[in-house]
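Chemist: So the sequence shown is numbered by the numbering used here: it starts at 39 and just counts up by one. Note that CB positions come from ideal geometry on N, CA and C, so glycine has one too. I'd like to ask some things about the structure below.
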Amino acid sequence: MNISLFQAELLRWYEKEGRRTLPWRDRSMPNRPYRVLVSEIMLQQTQVKTILEHYYFPFLQKFPTLESLAKASEEEVLLQWRGMGYYTRARHLLKCAKICLRDFQGVLPDCVELLKTLPGIGSYTAGAVACFGFDRAVCFVDSNIKRILIRLFALYNPTQSLLESKAREILNIQHPFNHNQALIDLGALICTATNPKCLLCPVSEFCKGKEDLKALNLKKTPKSIKKSLHIGIFEKDSHIALHKSQERLYYNLYNFPLLKSHQSLQKLGILKHSYTKYLLDLHIYRVKNLESLAQSVEFFNKESLQTIPISSMTLKILELLEKDF
Ligand code: SF4
Numbered sequence: 039m040n041i042s043l044f045q046a047e048l049l050r051w052y053e054k055e056g057r058r059t060l061p062w063r064d065r066s067m068p069n070r071p072y073r074v075l076v077s078e079i080m081l082q083q084t085q086v087k088t089i090l091e092h093y094y095f096p097f098l099q100k101f102p103t104l105e106s107l108a109k110a111s112e113e114e115v116l117l118q119w120r121g122m123g124y125y126t127r128a129r130h131l132l133k134c135a136k137i138c139l140r141d142f143q144g145v146l147p148d149c150v151e152l153l154k155t156l157p158g159i160g161s162y163t164a165g166a167v168a169c170f171g172f173d174r175a176v177c178f179v180d181s182n183i184k185r186i187l188i189r190l191f192a193l194y195n196p197t198q199s200l201l202e203s204k205a206r207e208i209l210n211i212q213h214p215f216n217h218n219q220a221l222i223d224l225g226a227l228i229c230t231a232t233n234p235k236c237l238l239c240p241v242s243e244f245c246k247g248k249e250d251l252k253a254l255n256l257k258k259t260p261k262s263i264k265k266s267l268h269i270g271i272f273e274k275d276s277h278i279a280l281h282k283s284q285e286r287l288y289y290n291l292y293n294f295p296l297l298k299s300h301q302s303l304q305k306l307g308i309l310k311h312s313y314t315k316y317l318l319d320l321h322i323y324r325v326k327n328l329e330s331l332a333q334s335v336e337f338f339n340k341e342s343l344q345t346i347p348i349s350s351m352t353l354k355i356l357e358l359l360e361k362d363f
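Structure below.
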């Protein structure tokens, strides 16, 4: 492959078709490394559109700097994260800010190795923060870039180190920021997991795998675990009972309490909810007394519900109840 030509085609396409106006790609913004970090952590499990519409700007308004985040309580951060799910990200982000305040004079380290020592920051996020926050000429491989590399070089069952060496081979050290953003956009817009648009692809002439996409297809459906939860709704005097979870997945988030038994209770409905690898059937019952509940509870009225961190699962149930509550 002629690497310089490949890089030039990729950059030309990015200039014309890339998502260059995404706010975390604005290189003139103040606190750029911090803003990049927030966006990268949010993007780990949430789509660009959702982040832009609901979370990125309010989060930065509430915590405009790494220092302001470091001084926040976990409850405040979880509240701001409310509805986005995967709350471990929010906890890690907070821990990360606290460590930077304590160990790195209140700023994010600018090299991949130190970034990787921070909670919730793996190789990909460390590379992305170093490159997009500090203009470091580094490469990284996430699932989208992996897919592009596999197809581009026709790599059948590559090891991680082979993928990393291919990413290094094509890295544009003069323009690492735009090069890496271009790869991300190529994966999101053209070289997609299903139905890649090879006819529109700016690097199609360099692609060795485009004729053998079936064999190079990565898309494996992860095994999900089905689970049923039986959940109790206890309401009294316009107050509703919630349980503060101490379980790892929902730690410190409020959920509707589970039931000891659900026989002879009035069923309000069943909701489907997916969380990490779990596919949940939520069986929802109205309960008349606290003895039916298997967990301790606290009471909240409509206003106070706005001020506590609650899980996405609970938000979904609240929507169901909205007409009544
Ligand atoms: S030609 Fe097709 S398979 Fe190859 S990189 Fe482009 S979109 Fe992906």
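Do three or more CB pairs link the segment 171-178 to the segment 122-138 at distances below 8 Å?
Modeler: No, they do not touch.
Chemist: Just tell me which of Pro-68, Pro-214 and Leu-190 has its CA closest to the CA of Glu-243.
Modeler: Within the sequence shown, residue 243 is the residue found at index 205, counting from 1. For the residues Pro-68, Pro-214 and Leu-190, the minimum Cα distance to Glu-243 belongs to Leu-190.
Chemist: Residue range of the beta strand (DSSP E) that His-281 falls in?
Modeler: Counting from 1 along the sequence shown, the entry for residue 281 is found at position 243. Residues 277-282.
Chemist: Within 10 angstroms of the Cβ of Arg-73, are there 16 or more other Cβ atoms? Answer buried if so, exposed if not.
Modeler: For the purposes of this step, residue 73 is taken as the residue at position 35 of the sequence shown. Its Cβ being crowded by 16 or more others within 10 Å, Arg-73 is buried.
Chemist: What is the C-beta distance between Tyr-313 and Met-351, in whole angstroms, given that I count them as a contact (C-beta under 8 Å)?
Modeler: Position 275 of the sequence shown, counting from 1, holds the residue named residue 313. Position 313 of the sequence shown, counting from 1, holds the residue named residue 351. 7 Å between Cβ atoms; contact.
Chemist: Does the Cβ-Cβ distance between Lys-100 and Gln-118 come in under 7 Å?
Modeler: Indexing the sequence shown from 1 puts residue 100 at position 62. Indexing the sequence shown from 1 puts residue 118 at position 80. Result yes, Cβ atoms of Lys-100 and Gln-118 sit closer than 7 Å.
Chemist: So, is Phe-97 buried or exposed, given that buried needs 16 or more other C-beta atoms within 10 angstroms?
Modeler: Position 59 of the sequence shown holds residue 97. By the 10 Å Cβ count, Phe-97 comes out buried.
Chemist: Report yes or no: do the segment 326-341 and the segment 276-285 share at least 3 C-beta pairs separated by less than 8 Å?
Modeler: Cβ pair count under 8 Å is three or more, so yes.
Chemist: Taking Cβ positions, are Leu-209 and Cys-177 nearer each other than 7 Å?
Modeler: Here residue 209 corresponds to residue number 171 of the sequence shown, with the count starting at 1. Here residue 177 corresponds to residue number 139 of the sequence shown, with the count starting at 1. For Leu-209 and Cys-177, yes; Cβs fall inside 7 Å.
Chemist: Less than 7 Å between the beta carbons of Leu-139 and Ala-164, yes or no?
Modeler: Here residue 139 corresponds to residue number 101 of the sequence shown, with the count starting at 1. Here residue 164 corresponds to residue number 126 of the sequence shown, with the count starting at 1. Their beta carbons are not under 7 Å apart, which means Leu-139 does not touch Ala-164 by this criterion.
Chemist: Let me make sure I understand the geometry here. Which of Val-325, Lys-310 and Lys-326 has the alpha-carbon closest to that of Asp-319?
Modeler: Within the sequence shown, the letter at position 281 stands for residue 319. Ranking the options by Cα distance to Asp-319, first place goes to Lys-310.
Chemist: Can you tell me where the beta strand (DSSP E) holding Gln-304 begins and where it ends?
Modeler: Here residue 304 refers to the residue found at position 266 of the sequence shown. Residues 304-313.
Chemist: Just to confirm, does Lys-248 get its C-beta within under 6 Å of one of the non-hydrogen atoms of the ligand SF4?
Modeler: Taking the first residue of the sequence shown as position 1, residue 248 is located at position 210. Under cutoff, so the answer is yes.
Chemist: Where does Leu-131 fall in DSSP's three states?
Modeler: Translated into positions along the sequence shown, residue 131 becomes position 93. It is helical.
Chemist: Taking just the CA atoms, how far does Arg-286 sit from Thr-232?
Modeler: The count along the sequence shown starts at 1 and reaches residue 232 at position 194. The count along the sequence shown starts at 1 and reaches residue 286 at position 248. Distance between the alpha carbons of Thr-232 and Arg-286: 34 Å.
Chemist: Thinking C-beta only, is Leu-317 closer than 7 Å to Ser-262?
Modeler: Locating residue 262 in the sequence shown gives position 224, where the first residue counts as 1. Locating residue 317 in the sequence shown gives position 279, where the first residue counts as 1. Going by C-beta atoms, Ser-262 is nearer than 7 Å to Leu-317.
Chemist: Over what stretch of residues does the alpha helix (DSSP H) that includes Asp-180 continue unbroken?
Modeler: Start at 1 with the first residue of the sequence shown, and residue 180 comes out as number 142. Looking at the DSSP string, Asp-180 is not in any alpha helix (DSSP H), and its letter there is neither H nor E.
Chemist: Would you decide whether Ile-45 is buried or exposed? Buried here means 16 or more other CB atoms lie within 10 Å of its CB.
Modeler: Position 7 of the sequence shown holds residue 45. As written in the sequence, residue 45 is Gln, which differs from the Ile given in the question. The residue in question, Gln-45, is buried, as its Cβ has 16 or more Cβ neighbours within 10 Å.
Chemist: Let me know the secondary structure DSSP gives Gly-270 once reduced to three states.
Modeler: Residue 270 sits at position 232 when you count from the first residue of the sequence shown. Gly-270 falls in the strand class under three-state DSSP.
Chemist: Is the distance from the Cβ of Pro-295 to the Cβ of Arg-120 below 7 Å?
Modeler: Numbered from 1 along the sequence shown, position 257 holds the residue referred to as residue 295. Numbered from 1 along the sequence shown, position 82 holds the residue referred to as residue 120. In this structure, Arg-120 does not lie closer than 7 Å to Pro-295 by Cβ.
Chemist: Would the segment 40-60 and the segment 198-208 be scored as touching if the rule is three or more Cβ pairs under 8 Å?
Modeler: Cβ pair count under 8 Å is three or more, so yes.
Chemist: Report the rounded CA-to-CA distance for Tyr-292 versus Ser-349, giving the unit in angstroms.
Modeler: For the purposes of this step, residue 292 is taken as residue 254 along the sequence shown, with counting starting at 1. For the purposes of this step, residue 349 is taken as residue 311 along the sequence shown, with counting starting at 1. When rounded, the distance between both Cα atoms is 6 Å.
Chemist: Give the DSSP-derived three-state secondary structure of Phe-363 in the structure shown.
Modeler: Numbered from its first residue, the sequence shown carries residue 363 at position 325. Low local confidence applies: a pLDDT of 45 at Phe-363 is under 50, so the model's placement there is unreliable, with the coordinate-based value given in what follows. In the structure shown, Phe-363 sits in coil (DSSP, three-state: anything other than H, G, I, E or B).
Chemist: My guess is that Gly-225 and Ile-183 are in contact by the Cβ rule of under 8 Å, so how many angstroms apart are they, rounded?
Modeler: Along the sequence shown, read from residue 1 onward, the residue named residue 225 stands at position 187. Along the sequence shown, read from residue 1 onward, the residue named residue 183 stands at position 145. That belief holds up - the Cβ atoms of Gly-225 and Ile-183 are roughly 6 Å apart, short of 8 Å.
Chemist: On the premise that Phe-215 lies in contact with Cys-169, defined as a C-beta separation below 8 Å, what is that separation, rounded to the nearest angstrom?
Modeler: Residue numbering aside, residue 169 sits at position 131 when the sequence shown is read from its first letter. Residue numbering aside, residue 215 sits at position 177 when the sequence shown is read from its first letter. That belief holds up - the Cβ atoms of Cys-169 and Phe-215 are roughly 6 Å apart, short of 8 Å.
Chemist: Tell me the DSSP secondary structure of Tyr-125 in three-state form.
Modeler: To locate residue 125, count along the sequence shown from 1; it is residue 87. Of the three classes helix, strand and coil, the one that applies to Tyr-125 here is coil, per DSSP.
Chemist: What is the DSSP secondary structure of His-92, reduced to helix, strand or coil?
Modeler: For the purposes of this step, residue 92 is taken as residue 54 along the sequence shown, with counting starting at 1. Three-state DSSP puts His-92 in a helix.
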